[in-house]
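Here the sequence shown is numbered in our numbering, starting from 18 and rising by one per residue.
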Amino acid sequence: MSADAGVEPGIVCAFAVTGTPPDPVALASVTGHEEGGPLRVLDAGGGLCLVVQDVPAALFDEEALTERLNRPTDLERCARAHHRAVEAAAGRGAVVPLPMATLYRGDRSAVRAVTDRRPVLEALLDRLRNRTEWAVKVHAAEGAPEDPPTAPADPGTGTGSGSGGRAYLSRASARRRDRRQAHGRALAEAEAVDAELRRYAVAATRHRPQSERLTGRRTPQLLNAAYLVEDADRAAFTRAVAGLTAEGRHPAVRADASGPWIPYSFARWDEADEATDAHPGQEVPA
18 MSADAGVEPG
28 IVCAFAVTGT
38 PPDPVALASV
48 TGHEEGGPLR
58 VLDAGGGLCL
68 VVQDVPAALF
78 DEEALTERLN
88 RPTDLERCAR
98 AHHRAVEAAA
108 GRGAVVPLPM
118 ATLYRGDRSA
128 VRAVTDRRPV
138 LEALLDRLRN
148 RTEWAVKVHA
158 AEGAPEDPPT
168 APADPGTGTG
178 SGSGGRAYLS
188 RASARRRDRR
198 QAHGRALAEA
208 EAVDAELRRY
218 AVAATRHRPQ
228 SERLTGRRTP
238 QLLNAAYLVE
248 DADRAAFTRA
258 VAGLTAEGRH
268 PAVRADASGP
278 WIPYSFARWD
288 EADEATDAHP
298 GQEVPA
């Protein structure tokens with residue numbers, strides 16, 4: 018709701034832009050941020066609308082929000098709330114999901130952010146219609162050569178020198194060489210996986226590989242990619258993923274796919290423009 022003259026506008030959290038408003042009953046059944054009001058649809062004119070939520074300034078002003086997002090549990094809660102709202106917005110068609118914590122001072126500011134970028138948003142919605150995102154993560158296969166252990170001291174010299182030391186160093190050098198070669202083969206096969214999957218996608222992008230601490234895998238992640246796939250080509254894409262590492266085609270890697278997802282990786286607002294009335298510290302997404 019837009020603020021009346023002389024009345025301080027409230028804080029509005031925007032989740033997604035769509036050209037096909039979600040079903041009101043379905044929208045009412047979804048909870049966004051627990052601290053805010055119900056999700057609602059804000060008409061931005063020209064066939065576009067925003068799914069938004071009124072949120073309390075005490076928890077969503079710049080200082081409070083920054084503090085909350087630095088706490089892992091609160092960050093996860095905010096991320097889950099954001100995703101629930103984006104999924105609700107996508108109930109009837111394509112959406113442009115906005116970055117988490119996209120905030121505006123009142124409805125007018127939120128609407129202006131959309132109208133100022135109407136050509137970009139319309140093009141994005143056309144691009145994303147009837148398409149979904151698939152995530153593919155490629156790891157080196159288990160059983161790759163490991164780094165050699167630290168050389169033990171030579172009992173005869175206390176320095177590790179002599180024929181025993183030389184033999185050990187030779188073996189260690191060979192193991193390092195084998196490890197480099199195995200890593201090189203795995204990288205090459207990961208590139209081959211990406212090249213093959215791009216044949217089934219209309220667009221692809223790469224994200225930074227995740228650390229072993231995050232993946233829980235003992236082997237490194239070599240490829241962390243997202244593919245924008247036509248809904249009609251979904252079965253062909255998933256068959257391609259399954260076949261890439263089957264029957265020994267790429268024995269040095271293992272590929273795992275997940276999806277379909279709302280295409281977050283392929284929805285970007287115009288980077289050149291910023292809404293001047295966005296809540297302080299919360300810029301219009303770029």
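Built from N, CA and C at the ideal position, the CB exists for glycine as well. As the structure is a prediction and not an experimental result, all values here were calculated from the model.
Which residue wins for smallest C-alpha separation from V58, given the options A81, P73 and C30?
Translated into positions along the sequence shown, residue 58 becomes position 41. The shortest Cα separation from V58 among A81, P73 and C30 belongs to C30.
Express the C-alpha separation of V47 and L142 in angstroms, rounding to a whole number.
Sequence index remark: in the sequence shown, residue 142 carries index 125 (1-based). Sequence index remark: in the sequence shown, residue 47 carries index 30 (1-based). Each residue's alpha carbon lies about 23 Å from the other.
Which residue comes first and which comes last in the alpha helix (DSSP H) that contains R89?
What you label residue 89 is simply residue 72 of the sequence shown in a count that begins at 1. Note on residue identity: the sequence assigns Pro, not Arg, to residue 89. Taken as a continuous stretch (DSSP letters only), the alpha helix (DSSP H) holding P89 covers P89 to A106.
Return the CA-CA distance between A263 and A75, expressed in angstroms with no decimal places.
Taking the first residue of the sequence shown as position 1, residue 263 is located at position 246. Taking the first residue of the sequence shown as position 1, residue 75 is located at position 58. Looking at the two C-alpha atoms, the distance is approximately 54 Å.
Could I get the ranges of all uninterrupted beta strand (DSSP E) runs contained in the stretch 51-92, with 3 residues as the minimum, in chain order?
Those beta strand (DSSP E) runs which fall completely within the stretch 51-92 and span 3+ residues are 57-62 and 65-72.
Would W151 and A269 be called neighbours here (beta carbons separated by less than 7 Å)?
Here residue 151 refers to the residue found at position 134 when the sequence shown is read from its first residue. Here residue 269 refers to the residue found at position 252 when the sequence shown is read from its first residue. No, these two residues do not count as a Cβ contact at 7 Å.
Per DSSP, what are the beta-bridge partners of I28 in this structure?
For the purposes of this step, residue 28 is identified with residue 11 of the sequence shown, where counting begins at 1. According to DSSP, which records beta bridges pairwise, I28 is partnered with V72 and R122.
So, is T149 buried or exposed, given that buried needs 16 or more other C-beta atoms within 10 angstroms?
Indexing the sequence shown from 1 puts residue 149 at position 132. Buried is the call here.
Please report the straight-line C-alpha distance between D40 and V68, rounded to a whole angstrom.
For the purposes of this step, residue 40 is taken as the residue at position 23 of the sequence shown. For the purposes of this step, residue 68 is taken as the residue at position 51 of the sequence shown. For D40 and V68, the distance between alpha carbons rounds to 12 Å.
Looking at the strands, I want to know which residues DSSP matches up with E247.
For the purposes of this step, residue 247 is identified with residue 230 of the sequence shown, where counting begins at 1. Note: E247 sits in a beta bridge opposite R148.
Which residue wins for smallest C-alpha separation from V309, given the options T255, L261 and A199?
As shown, the chain starts at 18 and ends at 303. That puts residue 309 outside it, with no answer to give.
Pull up the distance between the alpha-carbon of L239 and that of A61, whole angstroms please.
On the sequence shown, position 222 is the one that residue 239 refers to. On the sequence shown, position 44 is the one that residue 61 refers to. Going from the Cα of L239 to the Cα of A61 covers about 42 Å.
So what does DSSP say about H200, is it helix, strand or coil?
Taking the first residue of the sequence shown as 1, we reach residue 200 at position 183. Looking at H200 - three-state DSSP - the assignment turns out to be helix.
Pull up the CB-CB distance for F283 and L145, whole angstroms please, since I reckon it's below 8 Å.
Reading the sequence shown from its first residue, position 266 is the one you call residue 283. Reading the sequence shown from its first residue, position 128 is the one you call residue 145. Confirmed, about 7 Å.
So, with DSSP's three-state summary, where would you put S46?
For the purposes of this step, residue 46 is taken as residue 29 along the sequence shown, with counting starting at 1. Here S46 sits in coil by DSSP.
Grab the span of the alpha helix (DSSP H) containing R223 for me, first residue to last.
Mapped onto the sequence shown, residue 223 falls at position 206. No alpha helix (DSSP H) holds R223; the beta strand (DSSP E) holding it covers A220 to R223.
On the criterion of 16 or more Cβ atoms from any shown chain inside 10 Å, does T83 qualify as buried, or is it exposed?
As a position in the sequence shown, residue 83 is number 66, starting the count at 1. Classification of T83: exposed, given that the 10 Å Cβ count is below 16.
Does the Cβ of S126 have 16 or more other Cβ atoms within 10 Å, making it buried, or fewer, making it exposed?
Here residue 126 refers to the residue found at position 109 of the sequence shown. By the 10 Å Cβ count, S126 comes out buried.
Could you check which residue in E229, A199, D248 and R266 has the C-alpha nearest to that of E213?
Here residue 213 refers to the residue found at position 196 when the sequence shown is read from its first residue. Per the Cα distances, R266.
Classify V34: buried if its beta carbon has 16 or more other beta carbons within 10 angstroms, exposed otherwise.
Counting from 1 along the sequence shown, the entry for residue 34 is found at position 17. With 16 or more Cβ atoms within 10 Å of its Cβ, V34 is classed as buried.
State the Cα-Cα distance for the pair R235 and H156, rounded to the nearest angstrom.
Translated into the one-based positions of the sequence shown, residue 235 becomes position 218. Translated into the one-based positions of the sequence shown, residue 156 becomes position 139. C-alpha separation (whole angstroms): 9 Å.
Can you tell me whether R271 is helix, strand or coil according to DSSP?
On the sequence shown, residue 271 is found 254 positions in, with the first residue counted as 1. Reduced to three states, the DSSP call for R271 is strand.
If we call anything under 7 Å between Cβ atoms a contact, is D91 one with R85?
Here residue 91 refers to the residue found at position 74 of the sequence shown. Here residue 85 refers to the residue found at position 68 of the sequence shown. The answer is yes: Cβ separation under 7 Å.
Relative to the C-alpha of A207, which residue among V258, R196, A218 and L231 is closest?
To locate residue 207, count along the sequence shown from 1; it is residue 190. For A207, the nearest C-alpha among the options comes from V258.
Keeping to the same chain, check which residues put their C-beta closer than 7 Å to that of G276; ignore five residues upstream and five downstream.
As a position in the sequence shown, residue 276 is number 259, starting the count at 1. T149, E150, W151 and A152, listed in sequence order.
If I'm right that A221 touches A242 with Cβ under 8 Å, what's the distance once you round it to whole angstroms?
The count along the sequence shown starts at 1 and reaches residue 221 at position 204. The count along the sequence shown starts at 1 and reaches residue 242 at position 225. Rounded, the Cβ-Cβ distance is 6 Å, consistent with contact.
Counting only the same chain and skipping the five closest in sequence on each side, list residues whose C-beta sits under 7 Å from that of G63.
Against the sequence shown, residue 63 aligns to sequence position 46. Answer for G63: R135, listed in chain order.
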